[in-house]
Amino acid sequence: PFACETCLTCTRIDDGNYPDFIVLDGSKETIKKEMILNLESNFDRAAFESKGKKIYILNLVETINAATINSLLKFLEEPGKEIYAFLTTNNISNVLPTIISRCQILKLKPIDRGEIIARALDLGIEKEDAELLSYFYNDEVLIKVAFIEDRNYKLAKAAFLDLVEGLTKGLDEATFIAEVKVSPLLSSKESARFFFDMLISFFEDIESYKHSNHIFLTSLSDRIEQLAAVFKRSEDILVEILKARSQISLNLNIALLLDHIMFTIRKES
Numbered sequence: 019p020f021a022c023e024t025c026l027t028c029t030r031i032d033d034g035n036y037p038d039f040i041v042l043d044g045s046k047e048t049i050k051k052e053m054i055l056n057l058e059s060n061f062d063r064a065a066f067e068s069k070g071k072k073i074y075i076l077n078l079v080e081t082i083n084a085a086t087i088n089s090l091l092k093f094l095e096e097p098g099k100e101i102y103a104f105l106t107t108n109n110i111s112n113v114l115p116t117i118i119s120r121c122q123i124l125k126l127k128p129i130d131r132g133e134i135i136a137r138a139l140d141l142g143i144e145k146e147d148a149e150l151l152s153y154f155y156n157d158e159v160l161i162k163v164a165f166i167e168d169r170n171y172k173l174a175k176a177a178f179l180d181l182v183e184g185l186t187k188g189l190d191e192a193t194f195i196a197e198v199k200v201s202p203l204l205s206s207k208e209s210a211r212f213f214f215d216m217l218i219s220f221f222e223d224i225e226s227y228k229h230s231n232h233i234f235l236t237s238l239s240d241r242i243e244q245l246a247a248v249f250k251r252s253e254d255i256l257v258e259i260l261k262a263r264s265q266i267s268l269n270l271n272i273a274l275l276l277d278h279i280m281f282t283i284r285k286e287s
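So the number in the working numbering is just where the residue sits in the sequence shown, counting from 1, plus 18.
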C-alpha cells in the first residue's frame with residue numbers, strides 16, 4: 019500500500035525521526051565515502067523498530083564520487099540481515115555497471131510534469147518556482163520543501179534569471195552578467211547543479227517552442243519566444259550545457275564551465 023502520510027510512522031519518517039530509515043540525497047550534495055561509512059555503522063546495530071527491518075535510499079546514485087564506489091559496492095554485496103537498499107537515478111547510463119549488476123532494476127513512470135506544476139500551485143508555490151522546481155522533483159511536497167528551505171536553489175535561481183535577462187539584452191551584456199553576477203552566486207556544486215539544470219530546462223523549452231510551441235516555463239514564455247529567434251542552433255548549445263553539467267562532479271572549476279557555455283552561446287548564435 020501507498021504511504022498514508024498521516025500515521026505516526028509516516029510522520030516520523032517525514033520528520034527524520036525513524037532511525038531504521040535513512041536517505042542520502044544526491045540532489046542536494048554529492049554522496050561521499052564518509053556518508054556510506056556512517057550508514058554502515060548505523061546499520062551494524064540491531065534495528066530500533068520492532069519490525070526489525072532497516073531501509074536506506076540513495077537518491078541520484080550517479081552523483082556518488084569515485085572515492086565512495088568501493089565502500090558502496092562492499093555494502094551492497096554484504097548488506098546484513100533484513101537490510102534493504104533503494105538506489106534511484108535519472109539516467110541509468112551514468113551509473114557504473116558494477117553498481118547496476120548488484121541491483122534489481124525497476125523503471126518507474128514519472129508523474130506528468132504539468133500535473134506536478136498544478137499540484138505545487140495548489141500548495142501556494144509561486145508559478146515561476148513551481149515550473150522551475152518541477153524539473154528537479156516529481157513530487158509537489160518536495161517542491162514546497164525546496165522552495166522554502168533550499169538556499170542553493172535560491173542562489174541558482176537568482177543566477178539563472180540574471181543570465182536569461184542578460185541574454186535578452188544581447189551577448190555582450192550576458193557575458194558581463196555571467197562574469198560579474200552569475201559566477202559569484204555559484205559557489206557550491208549544489209547551486210551549480212541547480213543552475214545548469216535550469217539552463218537545460220530553459221533551452222529544452224526553446225527547442226520545444228521551435229517545433230511545437232509547447233513549453234513548461236510559461237512564466238518565461240516571452241523570453242523563450244525572443245531567444246528562440248536569436249539562437250538558430252539552440253540544440254548545439256543544449257548539448258554543451260548537458261556536457262558541462264556532467265562535469266560538475268569531476269571538480270572542474272565552475273567559472274570555467276560557465277565561460278565555456280558563454281563561448282558556445284556566442285558561437286552558435
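Each residue gets a CB set at the ideal place from its N, CA and C atoms; glycine is no exception.
For secondary structure counted as the alpha helix (DSSP H) over 4 or more consecutive residues, the region 112-200 holds these complete runs in sequence order: 115-118, 131-140, 145-151, 158-167, 169-187 and 189-195. Between N83 and K46 a beta carbon distance of about 14 Å is seen, past the 8 Å cut, so the two are scored as non-contacting.
According to DSSP, residue pairing for D43 in a beta bridge involves N77. Going by DSSP, L105 is part of the beta strand (DSSP E) stretching over I101 to L105. Listed in chain order, the non-local C-beta contacts of Q244 below 6 Å within the same chain comprise T186, local neighbours out to five positions each way being set aside. Unbroken beta strand (DSSP E) runs of no fewer than 3 residues, entirely contained in the region 186-266, are not found. Shown here, K72 sits in a strand according to DSSP, grouped into three states.
Per the Cβ contact rule, the region 198-210 is not in contact with the region 146-166 (fewer than 3 Cβ pairs under 8 Å). Comparing alpha-carbon positions, the option among D215, Q122 and C25 lying closest to R263 turns out to be D215. Counting the other Cβ atoms within 10 Å of the Cβ of R211 gives 16 or more, which makes it buried.
CA-to-CA, the gap between F20 and N231 works out to about 37 Å. Buried is the label assigned to S252, since at least 16 other Cβ atoms lie within 10 Å of its Cβ. Between K92 and D38, the beta carbon gap of about 21 Å keeps them out of contact (Cβ cut-off 8 Å). Secondary structure of S287 (DSSP, three-state): coil.
Of the residues Y153, A164 and S119, the one whose Cα lies closest to the Cα of L141 is A164. Annotation: D223 to I161 spans about 20 Å, alpha carbon to alpha carbon. Using a Cβ distance threshold of 8 Å, L256 and V182 do not count as a contacting pair.
In chain order, N156 place their CB closer than 6 Å to the CB of P128, counting only its own chain and leaving out the 5 sequence neighbours on each side. Rounded to the nearest angstrom, the gap between the Cα atoms of S267 and T27 is 35 Å. The shortest CA-to-CA distance from G98 to any of Y74, V113, A196 and N112 is the one to Y74. Put simply, the backbone Cα of V41 is about 27 Å away from that of L139.
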